[in-house]
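Under our numbering, the sequence shown has 511 at position 12, and the numbering climbs by one with no breaks.
Cβ atoms here follow ideal geometry from the backbone N, Cα and C, with glycine treated the same way.
The structure displayed is predicted, hence computed values, not measured ones.
Before any comments, here is the structure.
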Amino acid sequence: MRAPAPKPDVPRNEQALTLRSYAQGAVFAEQVGSAPPEALFLHGWGRDRHDMLHLARGFDSLVPDLPGFGASPPPEGVAGGAEYAAEMSQVLEEAGVAAPVVVVAHSFGGRVAVCLASARPDLVGALVLCGVPLLRLGARKKPSLGYRAVRAGHRLGIVSDARLERWKQARGSADYKSASGVMRDILTKAVNETYEAELAGVLCPVAFVWGADDSAAPAAIVSDACGLVAGPVTVDIVDGAGHDIHRQHPELLVLRARELLEKIRS
Numbered sequence: 500m501r502a503p504a505p506k507p508d509v510p511r512n513e514q515a516l517t518l519r520s521y522a523q524g525a526v527f528a529e530q531v532g533s534a535p536p537e538a539l540f541l542h543g544w545g546r547d548r549h550d551m552l553h554l555a556r557g558f559d560s561l562v563p564d565l566p567g568f569g570a571s572p573p574p575e576g577v578a579g580g581a582e583y584a585a586e587m588s589q590v591l592e593e594a595g596v597a598a599p600v601v602v603v604a605h606s607f608g609g610r611v612a613v614c615l616a617s618a619r620p621d622l623v624g625a626l627v628l629c630g631v632p633l634l635r636l637g638a639r640k641k642p643s644l645g646y647r648a649v650r651a652g653h654r655l656g657i658v659s660d661a662r663l664e665r666w667k668q669a670r671g672s673a674d675y676k677s678a679s680g681v682m683r684d685i686l687t688k689a690v691n692e693t694y695e696a697e698l699a700g701v702l703c704p705v706a707f708v709w710g711a712d713d714s715a716a717p718a719a720i721v722s723d724a725c726g727l728v729a730g731p732v733t734v735d736i737v738d739g740a741g742h743d744i745h746r747q748h749p750e751l752l753v754l755r756a757r758e759l760l761e762k763i764r765s
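In structure tokens:
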């Protein structure tokens with residue numbers, strides 16, 4: 500369905516924020532309000548916890564820097580959605596969650612959230628997802644003939660590391676160009692993942708909140724994802740909103756999170 504964005508006030512509180520270390524220093528997270536947390540907020544690629552803090556105020560919540568962003572160091576090896584989810588499950592356990600939480604997640608954070616909800620239904624009571632590239636639409640494009648030739652030459656020792664890097668920098672996405680080391684490998688792994696099996700394992704309620712003009716994760720993903728999720732779903736596709744709907748219409752995400760929190764408490 501297409502819904503105009505409602506405009507209730509975004510709940511806020513004046514409680515102090517506290518940055519804490521979890522998982523033996525692998526993850527740093529802001530604690531908003533009181534412990535134990537009732538909500539977890541996960542940011543997208545290239546962002547950090549500050550991109551979600553405006554949503555978290557008004558909830559007793561955790562807002563982590565995902566590994567490799569903000570204050571959290573990069574993973575030691577290449578990690579995908581499942582590995583990031585395992586880190587988040589450890590964070591929630593160390594935070595002493597008393598009941599399953601609502602996870603509000605944008606983009607890359609949503610990849611992690613779906614894996615977490617599927618693997619640990621004891622920790623996740625509901626999801627609010629926005630702008631998440633959960634599924635691949637259409638046939639996967641092959642790399643260009645030119646890139647395949649350069650890559651083959653690199654494997655044979657004909658093309659230098661520097662030339663291969665220049666080729667990637669000239670043709671890669673902005674995220675790819677800005678990533679380096681293990682984070683570039685993690686990005687490559689993430690963009691090649693799809694989450695059909697994980698969506699089918701999600702038993703909790705899911706709210707999809709999407710921008711109709713999202714070009715990074717087109718709204719067509721939502722209808723396909725809804726058909727896979729085992730639990731109940733609600734959908735808001737907002738005209739005029741794009742990939743950063745969590746910043747354009749934060750009140751809508753807060754509203755859906757609050758509704759789901761009340762539902763899992765009852």
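Cβ atoms of Leu615 and Val623 come within 8 Å of each other, at about 6 Å.
In its chain, beyond the 5 residues on either side, Pro620, Ala729, Gly730 have a beta carbon closer than 6 Å to the beta carbon of Leu702. CA-CA distance, Pro704 to Leu759, rounds to 7 Å. Taking the C-beta atoms as reference points, Phe568 is found no nearer than 8 Å to Ala538. Considering only His549, Thr517, Glu761, Gln530, the residue with the shortest C-alpha distance to Arg746 is His549. Assignment of Gly624 by DSSP, reduced to helix, strand and coil, places it in the strand class.
The continuous alpha helix (DSSP H) containing Arg755 extends over residues 749-764.
The bridge partners DSSP lists for His549 come to none.
Burial is judged here by how many other beta carbons sit within 10 angstroms of a residue's own beta carbon; Ser677 has fewer than 16 and is exposed. Taking 8 Å as the cut-off, the beta carbon of Arg610 is found closer than this to the beta carbon of Tyr694. Between Cys629 and the set Asp713, Glu586, Arg654, the nearest pair of CA atoms involves Asp713. Looking at the DSSP output, Thr733 shares a beta bridge with Ala706.
For Thr517, same chain residues with a beta-carbon under 6 Å away, outside a window of 5 residues either side, are Gln530 in chain order. For the pair Phe540 and Ser571, the CB atoms are not nearer than the 8 Å cut-off.
Residue nearest to Gly739 within the set Tyr583, Gly680, Gly710 is Gly710 (criterion: CA-CA distance).
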